[in-house]
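As they're listed, the protein sequences go chains A and B.
Whatever position you read off the first sequence (first residue = 1), add 977 for our numbering.
Whatever position you read off the second sequence (first residue = 1), add 190 for our numbering.
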Amino acid sequence: MATITIDGQSYEADPSANLLQAALTLGFDLPYFCWHPALGSVGACRQCAVRQYRDEEDTTGQIVMACMVPVADGLRCSIVEPEAAEFRAEVIEWLMSNHPHDCPVCDEGGECHLQDMTVMTGHCKRRFRFPKRTFRNQYLGPFINHEMNRCIQCYRCVRFYGDYAGGSDLVAMAAHNHVYFGRHEEGILENEFSGNLVEICPTGVFTDKTLKHHYSRKWDMVSSPSVCSHCAVGCNTIASTRYGSVRRILNRYHHDINGYFLCDRGRFGYTFTDAADRLRRPLLHPDRERDVETVAEPAEAMKRIREIFSEATGVAGIGSPRASLESNYALRNLVGSGRFSSGLPRIEHDATTALLEAMRNAPDGPGSLRDAERADAVLILGEDPNNTAPRLALALRQSVRNEPIRADAGSRIPRWHDRAIRDFVQDRKGPLFIAWPASTRLDDLAAGTHRAAPDEIARLGFAVAHAIDPQSPAVTDLDDSASDLASRIARALKEADRPMVVSGTALRSPAIIAAAAATVHALRRTGSGGSSFLAVAPEANTIGDAMLEGAPLETLEQQLESGEVDTLVILENDIYRRLPAPATDRIISKARRIIALDSIATATTNRADVVLPAGSFAESDGTFVNHEGRAQRFFQPLPPAGDVLEAWRWIGRIAAETGTSKQNEWDRLDRVLTALARDCPELAPARDAAPDAAFRANGQRFPRAPRRFSGRTSILSHLSVHEPKPPEDSDSPLSFTMEGHSGQPPAALVSHYWSPGWNSSQALNKFQSEVAGPARGGDPGARLIPGNGPNERPSTAIPAPVPDDDQTLLAVPCYEVFGSDELSARAPAVAERIPKPYVALAPTDAEHHGLDSGDSLNLLIGELRVSAPVRLDPKLPPGLCGIPAGMPGWSVPHLPARASVVT
Amino acid sequence: MNLRAETMEHIDATIPRYPHKRSAVMPLLHAVQRDQGYISNEAIAWVAGKLGLEPVNVYEVVTFYPFFRQAPIGRRHIRLCRTLSCALCGGFGIAEVLEEAFECRMGETAPDGSATLEWAECLASCDKGPVLMLDDDLHENLTEEGVRELARTIRAENAEGSDSSMTGNNS
Ligand code: SF4
Ligand code: SF4
Ligand code: FES
Ligand code: FES
């Protein structure tokens, strides 16, 4: 720590920070624009001016930009010094000279960094008397709205979009007072992290277009801490609502996971909660074969369920990787663990089990996104992060700068000095290797790629492990280019300080995961202390579901076959997406009765006798276990309304109603968690993912509504001017109103970022222990998987080379950030971005079958017929074809599999 | 792209002079502008392709520098200084003369296509203001009468279609 003096007072500050960061950490209100905690400093906007003095004698000093001054022992400066203060006010004045002052009609109004900074500097009289420059705005797609007149030229947008996220279609054009930030021509912003512009831009140039469709001011929205439900990364979010519907998703900072950024799937996927196919009332299907459906009162539905249970010979439960830990556990408890299925088909089940094994077995436990961002050599084995774990791809994109910076003089440049670092690094990239059948959107960074069939990818992984440590078994018959690549990868990983191997279930190959684990252990054995294993899983609670150790769907089919079971309770799972339709039909028709719980209508709920409307993330409290085995609690921003209940609460009621198990006390989240902790010791820490419902500060709850919430009475004034009693919350320490503790809650309970003078999301600075550091009081969530030290457990056998086969193609799953996730695909804005169905084919194979791009290709995969237009992918190796996984209305489950071309 | 053989030769010789291909973007744009008189969208895409860039990255550069033109200009290019010394010496009076003589406003091209009028910032000849550049040639100590005469010559040459000049900025 260094001792610095600000306005005559001395403070301790971190010498690796800059003065602006240090001042903000110390609680000073120093305005800034171009600096961003994740993007670093460029010293461009001149807003953070302070006066710096040489020493105690120096009374003149000079004006400097705080964001460009390194903290050092003895540093002396003044923030309040009149000339510095006047300088800051003048900077605002000139930045504002062309600003339209249209706050009342601007979506940013009330949470605008420019407003906050203007007030902070004290500038309030406009002297600019000339016409303002104006721009034509662009259509930028369904996510982002463009309003260029409001721009203050801080350049943050292009620094984020281009430099940080690797996007190439948003640039700064022209010069002087007519700099324009936009696309070459109108069109959709392509990068899947474009939504972050909403929070990056300090003004109202880039705003959330989905919010615009049902706009509300920040101070009028009731929000809660939530966790993204669209992939296993588990980014922390703030879900905001008004008039009973979700209005937007904002980033909630988590030091080890998402930091400051979300992906567009996570930010804009939320409107599925309000889509037309949402289930809000219980439904009865008197005849499952025919499309007749009646809406029922909950009591009537319960009566029907009681009948079904009393007639049943055996009830089995199908869990789900997208349902909360509590709901899955409640279901397992209802039906008994012998009759609980994870809800995954064997092919995915086995890969997920292998992944969980590898996570438990990893020397230091599974790695986090922050580890990925800090890694200096990375091998991605069988994953396509941009599409399977988007936020991870953004973290990996930052990792390639680490090795060049570490290399030489770079290590002496402070990390926050973005301009210097980028000039120093130029085009050099640290080692990132990608093994995936097709091209990926990280290929532009890759030092090497291996595009091959899943088994070949596993073989490469084992070869890398062997090249690192000959104690790992050798791979036979590896071709020259693959073995060269393996030794290059091995060398890079061995030389690194913090090597990382990323692997997961995308190709449903336990061998790939075993190869990744073998590589991590080989590194550990040869002395790379910092090696880490990063696990990628597809759905929000894939890991939590797997930890409950249910059986694959196929086991359930056998139980139905044998007559041991004749009734199914299906939890938030559309099994038509998991198994080929003929196999699913068999399960459905063998089940005499089906009870389904879900938040959305699916092919599966359509065939259930009774359907119960379950809460989405917006109407539920619960826990997801993310890809690093971290249990994270999400809280409902919306009070329960109508018949919708959390799935675990429905299941508790079923248990109480049917007397099947002692769950009648499960009307509170904490009770479910207590039972879970008792039954599953490994999952016990999940209870501590967030404070329990009894937690209070000074006897008070933590408000979901901001302190300036307005119009509580007027919301319902067309019905009654009497204010109804606010809804109660028995599951969390949050209240649904603005009443309650006014100080900062623990990080797991943060519903909004606000601090006096800081109305934008940049108030976040005040919620961190230090700027860009961990949250005050520690980041939320509880790690469940501690790691296993150096003890490697024996891994799967190395697969044989993939034989040549001219008769069939190997169909492998590929993924789409917009489309492969079931829930977000139902959000209209995301749906606009979903590509049309396609089968990716190597040009040579296409030619062989006389096909051209766009021609229709018919495939027979097992008992499933698939037909889609050809998309030529020159990067795909011959003999493979790629089929997008989980596309809405067009899902081809159960890949990889052999496919024959039918004409 | 339909470029003259010398231009192509020049371009091919220029690119390898830089450690990163993309650093050649400015010289290439100059060469294209010299050849074509301006930089079309087609040219932007062509330069991008040549240097392995996205067209938008070239577009950024073209729009940043006012000396890169995105539309054809008149036969001659007149750039009149509007910075302080020249303004004090009557540069704005010269502008009025030019506007009248070419029947167009500053920033526009004469209806007969004989010339394009533009403002320039200081042309570094402040002691001899007002100053203008006619294509690549500096004209100093301008007088209203002298400029009227110059305009007459330019328009007459244009009418004859004589080949005494080139298209645009021949720097
Ligand atoms: S658009 Fe926003 S982020 Fe980009 S330069 Fe303008 S004010 Fe800054
Ligand atoms: S989809 Fe995944 S990566 Fe994207 S915001 Fe949600 S959790 Fe994060
Ligand atoms: S924040 Fe320091 S100059 Fe912009
Ligand atoms: S002011 Fe005109 S040449 Fe300098």
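Idealized CB from N, CA, C, for every residue including glycine.
Being a predicted model, the structure only gives us computed values, none of them experimental.
When the five nearest sequence neighbours on each side are left out, the beta carbons in the same chain lying within less than 8 Å of the beta carbon of Arg1399 of chain A are those of Asp1140, in order along the chain. No Cβ of chain A is located within less than 8 Å of the beta carbon of His220 of chain B. A distance of 8 Å or more separates the beta carbons of Asn995 of chain A and Val1041 of chain A. Contact annotation: Cys1240 of chain A and Phe1170 of chain A have beta-carbon atoms nearer than 8 Å.
In the displayed model, Tyr1815 of chain A falls within coil according to three-state DSSP, outside both helix and strand.
Within the same chain, Ile1411 and Val1479 come within 6 Å of Ile1357 of chain A by CB-CB distance, once the 5 residues on both sides are set aside. Boundaries for Asp1575 of chain A: no alpha helix (DSSP H) harbours it, while the beta strand (DSSP E) harbouring it runs Arg1570 to Asp1575, taken from the DSSP string.
Taking the C-beta atoms as reference points, Ala1585 of chain A is found no nearer than 8 Å to Ile1552 of chain A. Relative to ligand 4, the beta carbon of Ser275 of chain B is positioned inside 7 Å of a heavy atom. For Met1336 of chain A, the enclosing alpha helix (DSSP H) stretches over residues Arg1323 to Asn1338. Take the alpha-carbon of Phe1286 of chain A and the one of Leu1188 of chain A: they are about 44 Å apart.
Within its own chain, the residues whose Cβ lies closer than 8 Å to the Cβ of Ser1738 of chain A, once the five positions on either side in sequence are excluded, are Glu1088, Glu1176, Leu1227, Asn1228 and Tyr1730, listed in chain order. In the structure shown, Met1045 of chain A falls within a helical segment according to DSSP collapsed to helix, strand and coil. Taking 7 Å as the cut-off, one finds at least one heavy atom of ligand 4 near enough to the beta carbon of Gly319 of chain B. The beta carbon of His1076 of chain A does not come within 8 Å of any beta carbon belonging to chain B, so the residue lies off that interface.
Boundaries of the beta strand (DSSP E) harbouring Trp309 of chain B: Ala305 to Ala310, taken from the DSSP string. When the beta-carbon positions are compared, Trp236 of chain B and Met191 of chain B come within less than 8 Å of each other.
If you look at Ser1509 of chain A, you'll find it in the beta strand (DSSP E) that goes Ser1509 to Val1513. In the DSSP annotation of this structure, the continuous segment of the beta strand (DSSP E) that includes His329 of chain B starts and ends at Asp327 to His329. With three or more CB-CB distances shorter than 8 Å, the region 1063-1079 of chain A counts as touching the region 1123-1132 of chain A. Taking non-hydrogen atoms of ligand 1 into account, the C-beta of Cys1025 of chain A is found less than 7 Å away from none of them. With a cut-off of 8 Å on Cβ pairs, the region 1427-1444 of chain A is in contact with the region 1477-1495 of chain A, counting three or more such pairs. Residue-level contact by beta carbon fails for Asp1241 of chain A and chain B, as no gap is shorter than 8 Å. Between Pro209 of chain B and Pro217 of chain B, the alpha-carbon positions lie close to 14 Å from each other. Counting only Cβ-Cβ distances below 8 Å, Ser1145 of chain A has contacts in chain B at Glu244, Val246 and Asn247, in chain order. Each of B:Asp225, B:Glu244, B:Tyr228 and B:Ala346 was checked against the Cα of Lys211 of chain B, and the nearest Cα belongs to B:Glu244. Of the heavy atoms belonging to ligand 3, at least one sits nearer than 7 Å to the Cβ of Tyr1009 of chain A. Met1336 of chain A sits buried, since 16 or more C-beta atoms from the chains shown fall within 10 Å of its C-beta. The three-state reading of DSSP puts Ile1069 of chain A in helix, counting H, G and I together. Using a CB distance below 7 Å, no part of the region 298-310 of chain B faces chain A. Using a Cβ-Cβ cut-off of 8 Å, Thr273 of chain B does not count as an interface residue toward chain A, since no Cβ of chain A sits closer than that to its own. The Cβ neighbour count for Leu1574 of chain A, taken over all protein chains shown within 10 Å, is at least 16; the residue is labelled buried. Inter-segment contact for the region 1590-1604 of chain A and the region 1511-1520 of chain A is present: three or more beta-carbon pairs are separated by less than 8 Å.
Gly1676 of chain A carries a coil assignment under DSSP once its states are collapsed to helix, strand and coil. Rounded to whole angstroms, Asp1461 of chain A and Leu1455 of chain A show a C-alpha spacing of 10 Å.
For Thr343 of chain B, the nearest beta carbon of chain A is not closer than 8 Å to its own beta carbon.
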